[in-house]
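Peer 1: The structure is given below, and queries will be raised subsequently.
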Amino acid sequence: MNPVILADSACDLSEEHYKALNIKMVPLMVQLNGQEYKDGQEIMPKSVYKAMREGEIPKTSQVSPQTFKTIFTSYAEAKQPLVYLAFSSGLSGTYQTAKMMEQEVKETWPEAELHVIDTKCASIGYGLVILRAAQLAKGGASTGEIIETAKYHADHMEHVFTVDDLDYLYRGGRVSKTAAFVGSLLNVKPILHVEDGKLVPLEKIRGSKKLLKRMLAIMETRGTDLSNQTIGISHGDDLATAEKLASMIKEKFGTDDILIEMVGSTIGAHAGPGTLALFFLNSPYK
Numbered sequence: 001m002n003p004v005i006l007a008d009s010a011c012d013l014s015e016e017h018y019k020a021l022n023i024k025m026v027p028l029m030v031q032l033n034g035q036e037y038k039d040g041q042e043i044m045p046k047s048v049y050k051a052m053r054e055g056e057i058p059k060t061s062q063v064s065p066q067t068f069k070t071i072f073t074s075y076a077e078a079k080q081p082l083v084y085l086a087f088s089s090g091l092s093g094t095y096q097t098a099k100m101m102e103q104e105v106k107e108t109w110p111e112a113e114l115h116v117i118d119t120k121c122a123s124i125g126y127g128l129v130i131l132r133a134a135q136l137a138k139g140g141a142s143t144g145e146i147i148e149t150a151k152y153h154a155d156h157m158e159h160v161f162t163v164d165d166l167d168y169l170y171r172g173g174r175v176s177k178t179a180a181f182v183g184s185l186l187n188v189k190p191i192l193h194v195e196d197g198k199l200v201p202l203e204k205i206r207g208s209k210k211l212l213k214r215m216l217a218i219m220e221t222r223g224t225d226l227s228n229q230t231i232g233i234s235h236g237d238d239l240a241t242a243e244k245l246a247s248m249i250k251e252k253f254g255t256d257d258i259l260i261e262m263v264g265s266t267i268g269a270h271a272g273p274g275t276l277a278l279f280f281l282n283s284p285y286k
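Structure representation (structure tokens):
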């Protein structure tokens with residue numbers, strides 16, 4: 001049997017992607033106004049961004065151990081290979097929980113083909129890894145080939161992003177109160193990236209006009225063979241800016257394949273509306 005690819009909702013892929021490539025998805029949880037919702041199923045990003053603009057502070061939580069145990073048990077019983085490519089362990093405890101449940105299920109079904117992989121990626125950077133793995137699975141690739149290629153894409157996926165309001169990152173413990181205050185006061189736009197699965201500040205840009213050009217310059221420096229890969233852009237309810245960035249990329253690098261999606265509820269709850277993120281490979285596409 002072909003391996004099944006499991007993702008979690010932090011990959012920010014659309015329902016169309018799940019259906020077209022038979023990707024299974026497990027939702028992280030979002031708490032808002034005293035209620036808990038399944039990300040991407042019971043709550044959508046626009047609702048989260050609207051609430052944040054109105055001053056609400058959503059919280060998120062990882063997938064429960066019991067949810068993973070139920071999923072993994074069903075595939076073990078069916079003797080169906082499963083590859084779960086997880087949201088970065090540096091940003092969520094979901095990977096660790098899944099790993100623990102994988103080992104627990106394998107105590108009962110030692111022959112079960114369950115594979116839990118930490119992508120150390122987020123949003124559409126993570127989504128692009130999922131898509132490549134799912135394409136291979138649909139094409140009949142072996143579990144080993146899928147895992148090897150997915151790990152390669154994950155290891156070489158660049159994340160370059162900015163946020164509209166540093167206060168959201170401050171609330172999530174990502175920047176200091178002073179940095180958030182000074183940034184808002186001086187119209188400083190931070191550029192961050194992901195290093196070993198964790199958010200790391202890269203530089204600060206004064207004013208939004210310079211921002212997209214600087215993101216492109218970073219992409220040119222870090223990217224490899226940009227015209228022959230899928231570029232990812234995700235946005236916090238700001239499609240116009242995402243499309244502007246896509247247009248600049250097409251003009252500069254001749255890239256035709258650009259995937260634009262909204263930053264989902266889980267990551268959006270911490271990054272806030274106006275987030276803009278860019279994803280590309282720093283090594284040749286495989």
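Mapping of the sequence shown onto the UniProt record's numbering: position 140 corresponds to residue 140, and the numbering continues sequentially without gaps.
All C-beta atoms in this analysis are idealised placements derived from N, C-alpha and C, irrespective of residue type, glycine included.
1) Rounded to a whole number of angstroms, what is the C-alpha to C-alpha distance between tyrosine 95 and serine 142?
2) With a 10 Å radius around its C-beta and 16 neighbouring C-beta atoms as the bar for buried, classify lysine 120 as buried or exposed.
3) Just checking: is the beta-carbon of valine 263 within a distance shorter than 7 Å of some beta-carbon in chain B?
4) Which residues does DSSP pair with glutamine 31 in a beta bridge?
5) Name the DSSP beta bridge partners of aspartate 238, please?
6) How about the region 215–229 and the region 82–97: do they share at least three Cβ pairs that are nearer than 8 Å?
7) Would you give the residue range spanned by the alpha helix (DSSP H) that threonine 255 belongs to?
8) Let me know the secondary structure DSSP gives methionine 1 once reduced to three states.
9) For threonine 221 and tyrosine 285, I'd like the C-alpha separation in whole angstroms.
10) Thinking C-beta only, is lysine 38 closer than 7 Å to proline 27?
11) For threonine 275, I'd like the list of residues in its chain whose CB is within less than 6 Å of its CB, leaving aside the five on either flank, ordered along the chain.
12) Using 8 Å as the Cβ pair cut-off and three pairs as the minimum, do the region 120–136 and the region 192–199 touch?
13) Over what stretch of residues does the beta strand (DSSP E) that includes valine 160 continue unbroken?
14) Beta carbon of methionine 100, beta carbon of lysine 69: below 7 Å?
15) Three or more C-beta pairs closer than 8 Å, one from the region 266–274 and one from the region 236–246: is that the case here?
16) Measuring CA to CA, which of Ala51, Ala86, Ala98 is closest to glutamine 66?
Peer 2: From the atom records:
1) Position 95 of the sequence shown, counted from the first residue, corresponds to residue 95. Position 142 of the sequence shown, counted from the first residue, corresponds to residue 142. Rounded to whole angstroms, tyrosine 95 and serine 142 show a C-alpha spacing of 23 Å.
2) On the sequence shown, residue 120 is found 120 positions in, with the first residue counted as 1. Residue burial annotation: lysine 120 is buried, with at least 16 other C-beta atoms found within 10 angstroms of its C-beta.
3) Any reference to chain B falls outside this structure, which holds one protein chain only.
4) As a first step, residue 31 must be located in the sequence shown, where it is residue number 31. For glutamine 31, which the question treats as bridged, DSSP gives the partners Glu36, Lys59.
5) What you label residue 238 is simply residue 238 of the sequence shown in a count that begins at 1. In the DSSP output, where bridge partners are listed per residue, aspartate 238 has none listed.
6) No, the region 215–229 is not in contact with the region 82–97.
7) Working through the sequence shown from its first residue, we reach residue 255 at position 255. Premise fails: threonine 255 is in no alpha helix (DSSP H) and is neither H nor E.
8) Numbered from its first residue, the sequence shown carries residue 1 at position 1. Three-state DSSP puts methionine 1 in coil, outside helix and strand.
9) Here residue 221 is taken as the residue at index 221 of the sequence shown, counted from 1. Here residue 285 is taken as the residue at index 285 of the sequence shown, counted from 1. Put simply, the backbone Cα of threonine 221 is about 17 Å away from that of tyrosine 285.
10) Here the question's residue 27 lines up with position 27 in the sequence shown. Here the question's residue 38 lines up with position 38 in the sequence shown. For the 7 Å CB-CB criterion, proline 27 and lysine 38 form a contact.
11) For this step, residue 275 is matched to residue 275 along the sequence shown. Around threonine 275: Val163, Gly236, Val263.
12) The region 120–136 is in contact with the region 192–199.
13) Locating residue 160 in the sequence shown gives position 160, counting from the first residue. Taken as a continuous stretch (DSSP letters only), the beta strand (DSSP E) holding valine 160 covers 157–162.
14) Taking the sequence shown and counting its residues from 1, the one referred to as residue 100 is at position 100. Taking the sequence shown and counting its residues from 1, the one referred to as residue 69 is at position 69. Lysine 69 is positioned such that its CB atom lies no closer than 7 Å to that of methionine 100.
15) Yes: at least three Cβ pairs fall under 8 Å.
16) Looking up residue 66 in the sequence shown gives position 66. The alpha carbon of glutamine 66 has as its nearest neighbour, out of Ala51, Ala86, Ala98, the alpha carbon of Ala98.
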